[in-house]
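**Q** One structure follows; several queries about it will come next.
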Amino acid sequence: MKKTHIFLFCISLFFLSHLSGFAQKKDTLKVTKPYSIRFGIDLSKPLTSLIDNDKNGFEITADFRFKNRYYIASEIGYTNKTTAEDYINFTSKGSYIKLGVNYNAYNNWLDMNNEIYVGIRYGFSSFNQTLNSYTINQHGNYFDENINNTPIEYDNLSAHWVELLLGVKVETFKNLFLGASVSFNNLINSNDPDNFENLYIPGFNKRYLNKSGAGFNYTVSYQIPLYKKVK
Amino acid sequence: MNKLFFVLFVVVLATFYSCENDDICLESTTPQLIIRFYDVSNPTVKKSVNSLNVWIAAKDSIIKNKATDSIAIPLNTNTTNTVYRFSSANKIDDLSFTYQKGEVYISRSCGFKSIFQNLTATKSSSNWIQQVIITNPTIENEKNAHISILH
Chain A
1 MKKTHIFLFC ISLFFLSHLS GFAQKKDTLK VTKPYSIRFG IDLSKPLTSL IDNDKNGFEI
61 TADFRFKNRY YIASEIGYTN KTTAEDYINF TSKGSYIKLG VNYNAYNNWL DMNNEIYVGI
121 RYGFSSFNQT LNSYTINQHG NYFDENINNT PIEYDNLSAH WVELLLGVKV ETFKNLFLGA
181 SVSFNNLINS NDPDNFENLY IPGFNKRYLN KSGAGFNYTV SYQIPLYKKV K
Chain B
1 MNKLFFVLFV VVLATFYSCE NDDICLESTT PQLIIRFYDV SNPTVKKSVN SLNVWIAAKD
61 SIIKNKATDS IAIPLNTNTT NTVYRFSSAN KIDDLSFTYQ KGEVYISRSC GFKSIFQNLT
121 ATKSSSNWIQ QVIITNPTIE NEKNAHISIL H
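Line order of the protein sequences matches chains A and B.
Each residue of the first sequence is one higher than the one before, counting from 1 in the working numbering.
Each residue of the second sequence is one higher than the one before, counting from 1 in the working numbering.
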């Protein structure tokens with residue numbers, strides 16, 4: 001996690017160095033926009049933990065505006081989720097990182113800083129899966145059910161995927177933003193254990209047959225203005 | 001630029017979401033043992049049993065008074081041996097099936113199934129069953145018969 005932050009910071013510096021010489025000529029009214037780094041947390045995950053005992057996790061978000069409408073964005077999080085299906089019960093736990101770009105499609109009025117954005121992310125997760133119990137799926141009930149209650153651990157699993165996002169961010173107080181986004185995920189690669197499958201991947205969420213997933217978050221974030229520029 | 005971005009977004013989104021429903025188990029699960037009945041005097045010709053009963057001692061019949069030349073019966077996945085009683089016209093023969101079992105993952109909604117290997121069958125008597133031939137000692141699916149019974 002610490003490494004990732006350093007990594008993000010380096011990327012930030014890289015884009016900072018490219019910003020000089022960027023100026024808007026057409027407008028006569030000069031509106032300055034803050035170029036800032038923004039940190040936030042996802043409110044939905046702690047809230048879900050309160051309602052659903054089988055799921056807990058957290059996510060922190062960060063983004064940095066490097067061009068008028070473009071933001072570098074990242075999410076880092078941890079999830080521990082137990083899923084009960086008809087014949088299997090398993091727990092997935094691990095951490096994930098997502099890195100990508102948001103494009104703000106909203107035309108702000110003067111010095112407002114709201115966003116309706118689309119985004120793309122590359123996601124990576126490193127996690128463990130435990131098959132807590134399973135019942136052999138067999139015809140009828142002529143024989144007793146064959147239930148296996150000895151947990152089976154699958155360690156060192158990983159997956160990567162691509163996400164497309166759609167979201168909004170609204171500046172509610174000075175520098176304080178509320179945001180919501182939905183994401184549609186497509187798995188690139190998942191190293192599945194022998195004789196089982198990564199059915200839930202932290203960050204990617206429930207995996208559907210055709211390698212699709214979906215997610216959402218509600219964030220509250222605080223921006224630290226670095227410098228202001230004309231648009 | 002704006003419009004182009006959105007069109008691109010929608011197109012990519014559409015390719016992502018050709019959803020499949022995986023909540024219902026549609027794959028085949030633990031295979032049953034498939035037995036075909038043949039004529040002992042002409043082992044290539046199928047011969048129906050007129051009134052077949054199959055059960056496990058102290059349990060209800062799984063096949064009851066059936067006129068058939070093939071049956072599918074489950075094997076016990078809790079043990080490596082299942083003994084069935086076969087009766088035809090009040091004559092009873094016991095068949096003991098011994099096997100090794102394995103567990104194979106199917107899918108989220110189907111879970112795991114058992115498969116059986118190295119199947120052997122021994123009969124206790126020859127009251128109506130003359131011969132038992134294992135045609136397929138590995139029970140992974142229900143596509144073909146695993147055992148032929150000559151009577």
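Ideal Cβ placement from N, Cα and C applies to all residues, glycine included.
Please read all numbers here as calculations on a predicted model, not as lab measurements.
At the 8 angstroms Cβ level, is Tyr35(A) part of the contact set with chain B, yes or no?
**A** In the first sequence, counting from the first residue as 1, residue 35(A) sits at position 35. For Tyr35(A), the answer is no, since every Cβ of chain B falls outside 8 angstroms of its Cβ.
**Q** Return yes when the Cβ of Asp42(A) is within less than 8 angstroms of the Cβ of Thr82(A), no when it is not.
**A** As a working mapping, residue 82(A) is identified with position 82 in the first sequence. As a working mapping, residue 42(A) is identified with position 42 in the first sequence. No.
**Q** Once the 5 residues before and after Thr135(A) are set aside, which same chain residues still bring their CB inside 6 angstroms of it?
**A** The residue labelled residue 135(A) in the question sits at position 135 within the first sequence. Hits under 6 angstroms: Tyr87, Glu145, Ile147.
**Q** Report the residue from Ile129(B), Ser114(B), His151(B) whose alpha carbon sits nearest the alpha carbon of Glu140(B).
**A** What you label residue 140(B) is simply residue 140 of the second sequence in a count that begins at 1. Checked all of Ile129(B), Ser114(B), His151(B); the closest Cα to Glu140(B) is Ser114(B).
**Q** Quick one: give me the first and last residue of the beta strand (DSSP E) that Pro34(A) is part of.
**A** The count along the first sequence starts at 1 and reaches residue 34(A) at position 34. Residues 32-42.
**Q** Kindly indicate which residue of His160(A), Phe39(A), Phe58(A), Asn80(A) has the alpha-carbon position closest to the one of Lys98(A).
**A** In the first sequence, counting from the first residue as 1, residue 98(A) sits at position 98. Taking only the C-alpha atoms, the option nearest Lys98(A) is His160(A).
**Q** With H, G and I counted as helix, E and B as strand and the rest as coil, what does DSSP make of Ser49(A)?
**A** Position 49 of the first sequence, counted from the first residue, corresponds to residue 49(A). Three-state DSSP puts Ser49(A) in a helix.
**Q** Residues bridged to Ala121(B) by DSSP?
**A** Position 121 of the second sequence, counting from 1, holds the residue named residue 121(B). DSSP lists Phe97(B) as partners of Ala121(B).
**Q** Spatial neighbours of Val49(B) within its chain, please: C-beta separation below 8 angstroms, excluding the five flanking residues on both sides.
**A** Sequence index remark: in the second sequence, residue 49(B) carries index 49 (1-based). So the list reads Phe37, Lys66, Ala67, Thr68, Asp69, Ser88, His151, once near-sequence residues are dropped.
**Q** Look at the alpha carbon of Gln24(A) and the alpha carbon of Thr32(A), and state the distance between them as a whole number of angstroms.
**A** What you label residue 24(A) is simply residue 24 of the first sequence in a count that begins at 1. What you label residue 32(A) is simply residue 32 of the first sequence in a count that begins at 1. Model confidence at Gln24(A) stands at a pLDDT of 44, short of 50, so the residue's coordinates are unreliable; what they give is reported in the following sentence. Computed Cα separation, rounded: 10 angstroms.
**Q** For the beta strand (DSSP E) that Asn114(A) lies in, which residues bound it at each end?
**A** Translated into the one-based positions of the first sequence, residue 114(A) becomes position 114. First-last for Asn114(A): undefined, no H or E at that position.
**Q** Please report the distance separating the alpha-carbon of Ser92(A) from that of Ser49(A).
**A** Looking up residue 92(A) in the first sequence gives position 92. Looking up residue 49(A) in the first sequence gives position 49. Each residue's alpha carbon lies about 15 angstroms from the other.
**Q** Spell out whether any CB of chain A is found under 8 angstroms from the CB atom of Glu140(B).
**A** Here residue 140(B) is taken as the residue at index 140 of the second sequence, counted from 1. For Glu140(B), the answer is no, since every Cβ of chain A falls outside 8 angstroms of its Cβ.
**Q** Please go through the stretch 96-163 of chain A and give each complete beta strand (DSSP E) segment of 3 or more residues, from N-terminal end onward.
**A** The qualifying runs are 115-135.
**Q** Going along the chain, which residues of its own chain have a beta-carbon closer than 7 angstroms to the beta-carbon of Glu27(B), five neighbours each way excluded?
**A** To locate residue 27(B), count along the second sequence from 1; it is residue 27. Only Ile106, Ser107, Cys110 meet the Cβ criterion.
**Q** Secondary structure at Val40(B), three-state DSSP: helix, strand or coil?
**A** The sequence position of residue 40(B) within the second sequence is 40, counting from 1. Looking at Val40(B) - three-state DSSP - the assignment turns out to be coil, as it is neither helix nor strand.
**Q** Please name the residue, chosen from Ile72(A), Asn132(A), Asp111(A), Asn128(A), that lies closest to Tyr103(A) on a Cα-to-Cα basis.
**A** Mapped onto the first sequence, residue 103(A) falls at position 103. Of the candidates Ile72(A), Asn132(A), Asp111(A), Asn128(A), the one whose C-alpha sits nearest the C-alpha of Tyr103(A) is Ile72(A).
**Q** Cβ closer than 9 angstroms: which chain A residues qualify as neighbours of Ser87(B)?
**A** Start at 1 with the first residue of the second sequence, and residue 87(B) comes out as number 87. Within chain A, no residue comes near Ser87(B); the closest Cβ sits about 17 angstroms away, beyond 9 angstroms.
**Q** Sort Tyr154(A), Ser183(A), Glu197(A) by Cα distance to Val168(A) and report the nearest one.
**A** The sequence position of residue 168(A) within the first sequence is 168, counting from 1. Closest option to Val168(A), Cα to Cα, is Ser183(A).
**Q** Check Pro137(B) in the structure and name its three-state DSSP category.
**A** In the second sequence, residue 137(B) corresponds to position 137, counting from 1. It is coil, neither helix nor strand.
**Q** For the beta strand (DSSP E) containing Asp63(A), list its first residue and its last residue.
**A** The residue given as residue 63(A) occupies position 63 in the first sequence. Note, Asp63(A): beta strand (DSSP E), 55-67.
**Q** Near Gly100(A), which residues of its chain fall below 7 angstroms by C-beta distance, leaving aside the five closest residues on each side in sequence?
**A** Stepping through the first sequence from its first residue, residue 100(A) is reached at position 100. Cβ within range, chain order: Ala73, Gly119, Ile120, Arg121, Tyr122.
**Q** Give a yes or no on whether the minimum CB-CB distance between Thr98(B) and chain A is below 8 angstroms.
**A** For the purposes of this step, residue 98(B) is taken as the residue at position 98 of the second sequence. Output row for Thr98(B): interface = no.
**Q** Mind pulling the beta strand (DSSP E) runs of 3 or more residues that sit fully within the stretch 173-223 of chain A?
**A** Those beta strand (DSSP E) runs which fall completely within the stretch 173-223 of chain A and span 3+ residues are 176-190.
**Q** Given a threshold of 16 other Cβ atoms within 10 Å of its Cβ, counted over all protein chains shown, does Asn141(A) qualify as buried or as exposed?
**A** One-based indexing of the first sequence puts residue 141(A) at position 141. Answer is exposed; the Cβ neighbour count stays below 16.
**Q** Going straight from the alpha carbon of Cys19(B) to that of Ser158(A), what length do you get?
**A** Taking the second sequence and counting its residues from 1, the one referred to as residue 19(B) is at position 19. Taking the first sequence and counting its residues from 1, the one referred to as residue 158(A) is at position 158. A caution first: Cys19(B) carries a pLDDT of 47, below 50, which makes its placement in the model unreliable, though a value can still be read off. So the two alpha carbons sit approximately 23 angstroms from each other.
**Q** Using a beta-carbon distance below 8 angstroms, is Lys64(B) in contact with chain A?
**A** Taking the second sequence and counting its residues from 1, one reaches residue 64(B) at position 64. Output row for Lys64(B): interface = no.
**Q** Assign Asp93(B) to buried or exposed, taking buried as 16 or more other Cβ atoms, counted over all protein chains shown, within 10 Å of its Cβ.
**A** As a position in the second sequence, residue 93(B) is number 93, starting the count at 1. The residue in question, Asp93(B), is buried, as its Cβ has 16 or more Cβ neighbours within 10 Å.
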